[in-house]
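The structure under discussion appears below in the form of structure tokens.
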Amino acid sequence: MEVVGMLGENLMWVAPQVCTLSTEQQPWRVGEFALLFATALRKIERSAPTLLRLELDAAATASAQDLAARESSCCAFFSFTFTPAEPGAVFMDIQVPPAHITVLDGLAAQAAAAQPTAPSGG
Numbered sequence: 308m309e310v311v312g313m314l315g316e317n318l319m320w321v322a323p324q325v326c327t328l329s330t331e332q333q334p335w336r337v338g339e340f341a342l343l344f345a346t347a348l349r350k351i352e353r354s355a356p357t358l359l360r361l362e363l364d365a366a367a368t369a370s371a372q373d374l375a376a377r378e379s380s381c382c383a384f385f386s387f388t389f390t391p392a393e394p395g396a397v398f399m400d401i402q403v404p405p406a407h408i409t410v411l412d413g414l415a416a417q418a419a420a421a422q423p424t425a426p427s428g429g
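Sequential numbering of the sequence shown, starting at 308, is according to the working numbering.
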């Protein structure tokens with residue numbers, strides 16, 4: 308396994324050996340997910356260890372679908388599903404088999420790090 312993304316000292320995700328994306332391209336892909344999360348992520352839900360649901364701004368649907376298709380082409384264990392959510396939003400469900408939970412953990416951590424924090428009441 309190879310570390311391809313870092314945030315500070317925390318591992319953000321690991322590309323398993325079955326990933327066919329070149330080592331040189333892997334940091335760029337992590338950056339593409341970071342940009343998607345920074346610009347379109349609204350909510351994160353982890354209902355099961357193998358399933359991550361991201362609520363994205365609907366304006367990012369086409370770019371998110373393109374990114375998901377490219378990711379699936381190099382890491383065939385990923386399953387991406389898009390469904391409409393409330394007006395102006397779309398759900399991006401990301402599922403992996405149990406053998407690749409750690410990859411999904413890293414992706415979830417990267418998303419969480421990009422998610423804006425709610426203002427505290429006072």
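Backbone N, C-alpha and C define an ideal beta-carbon position, used for all residues, glycine too.
Inter-residue Cα distance where the pair is residue i and residue j
i      : j      : result
ALA416 : GLY395 : 24 angstroms
ALA371 : PRO405 : 24 angstroms
LEU411 : ALA392 : 22 angstroms
THR368 : ALA347 : 9 angstroms
ARG377 : PRO356 : 23 angstroms
THR390 : ILE401 : 12 angstroms
Residue i burial status per 10 Å Cβ neighbour count (16 or more: buried)
i      : result
GLY413 : buried
PRO375 : The question names Pro, but residue 375 in the sequence shown is Ala. Flag for ALA375 reads buried.
GLU316 : With a pLDDT of 41 at GLU316, under the threshold of 50, the predicted position of this residue should be treated as unreliable, and no value is reported.
Neighbourhood of residue i by C-beta distance below 7 angstroms, restricted to the same chain and skipping five residues each side
i      : result
ALA419 : ILE351
ARG349 : GLU362, LEU363, ASP364 and ALA396
ARG353 : LEU359 and ALA415
Residue i versus the options, residue with shortest Cα-Cα distance
i      : options                           : result
PHE384 : PHE344, THR368, PRO391 and LEU358 : LEU358
PHE344 : LEU361, SER354 and GLU331         : LEU361
PHE387 : HIS407, MET399 and SER380         : MET399
ASP373 : HIS407, ARG336 and GLU331         : ARG336
HIS407 : SER354, CYS382 and ARG353         : CYS382
CB contact check: residue i to chain D, cutoff 8 angstroms
i      : result
LEU343 : No chain D is present in this structure, which holds just one protein chain.
Beta-carbon proximity list for residue i, same chain, < 8 angstroms, skipping 5 on both sides
i      : result
GLU339 : LEU374
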